[in-house]
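Have a look at the structure below, then the notes.
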Amino acid sequence: MSTSSPVILFLHGFAESREVWTEFTREFPDQYRLLTLNLPGHGTNVHDIRDYSIEAQARYVAGQLRQKNVPRVLLVCHSMGGYVALAFAERYPEMVAGLVLFHSTALPDTEEKKGNRDKNIDFVRRHGVARFMESFIRPLFAPANRERMLEPQQLLEDIGRSTPEATVIGMLEAMKNRPDRTNVLREAAFPVLFIAGKEDVAVPIDSLLPQLLLPAQSHALLLDNVGHLGYFEAPDLTRRAVVDFAGVVFE
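Numbering-wise (my numbering), the sequence shown opens with residue 299 and increments by one.
Next up, the structure:
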């Protein structure tokens, strides 16, 4: 693969790591250069983190791409990774070839969601990250998938438990305080693919549907019997959607 090959960058979600993409990316066409990152505070990237804001995460992504001499990239981003990608696209639009919001949203937290973030922060401070992960991961799967997807559930719980408490609290605060970035979708000079689960409790589909109309070049995959984790719950469908979209982006 040439260093001039089109680049796809995968950004993980909250209390995840680059490991979540390992199986998903295994069968991607070899004409693409695939990159995965541990966002600051996650995975092995846990040292000297002073700023957990979404904007700081976006600056980190830009710095990593510059180090790797990547001028433009297709961003494939799960959940919180989508918040980072939207902040990245707002600040560095010239570096974005396309965007996949994989169970993510450009809307800010509702007041109810902000209250839930505060409750989660309080719970983590009182009981620790491990206890928090015991109840956090399972509801992200659609009910029909919870018993058959015990191995992915265990992987996500293990990754979550290894995430530092400072990161969990810092990112909950950062997500709570992020602004509305629907303007990024309205002004996007690049195509956008939305992948949504109809049983997603974290990004309800009713809140996402109006956003599909905002980009000039909008694509969507709406999945039955899928919650917030389509890369595990429907890997073949979602992988094919991303590969086909990459063909549109880089044609």
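All C-beta atoms in this analysis are idealised placements derived from N, C-alpha and C, irrespective of residue type, glycine included.
Simplified DSSP state of residue i, which is helix, strand or coil
i	result
G396	strand
V422	helix
A356	helix
G505	In the sequence as displayed, the identity of residue 505 is Ser instead of Gly. DSSP places S505 in helix when its eight states are reduced to three.
G413	helix
L453	helix
N475	helix
S516	strand
I435	coil
R444	coil
I467	helix
R324	coil
R331	strand
E485	coil
Residue i to residue j span [Cα, whole Å]
i	j	result
Y350	D534	33 angstroms
P295	G311	Nothing about residue 295 can be reported from this structure: the residues present for the chain run from 299 to 549 only.
G545	A354	30 angstroms
R436	E445	9 angstroms
I467	R459	13 angstroms
H340	A487	30 angstroms
E485	Q365	27 angstroms
L372	L333	10 angstroms
V540	H345	32 angstroms
Q451	E531	11 angstroms
F421	I347	22 angstroms
L519	F492	6 angstroms
S402	A494	8 angstroms
A360	Y390	8 angstroms
L424	K417	Reading off the sequence shown, one finds Arg at residue 424, where the question assumed Leu. R424 and K417: Cα-Cα distance of roughly 11 angstroms.
F434	N414	12 angstroms
V501	M393	26 angstroms
P406	R370	26 angstroms
Local Cβ density within 10 Å of residue i, reported as buried at 16 or more and exposed below that
i	result
D456	exposed
E463	exposed
E314	buried
D498	buried
H292	With the chain represented from 299 up to 549, any question about residue 292 goes unanswered, as that position is not in the structure.
P513	buried
Q509	buried
A383	buried
H526	buried
L438	buried
A440	buried
G426	exposed
T320	exposed
L453	buried
R538	exposed
Residues bridged to residue i (per DSSP)
i	result
G495	L521
F308	T334 and V374
H340	N343
V490	L397 and S516
Residue i: CB within 8 angstroms of a non-hydrogen atom of the ligand HEM
i	result
D407	Of ligands this structure carries none, so the ligand HEM is not represented either.
For this session: For the stretch 358–394, list the alpha helix (DSSP H) runs that are entirely contained and at least 4 residues long, ordered along the chain.
Result: Scanning the stretch 358–394 for uninterrupted alpha helix (DSSP H) segments of 4 residues or longer gives 378–389, listed from N- to C-terminal end.
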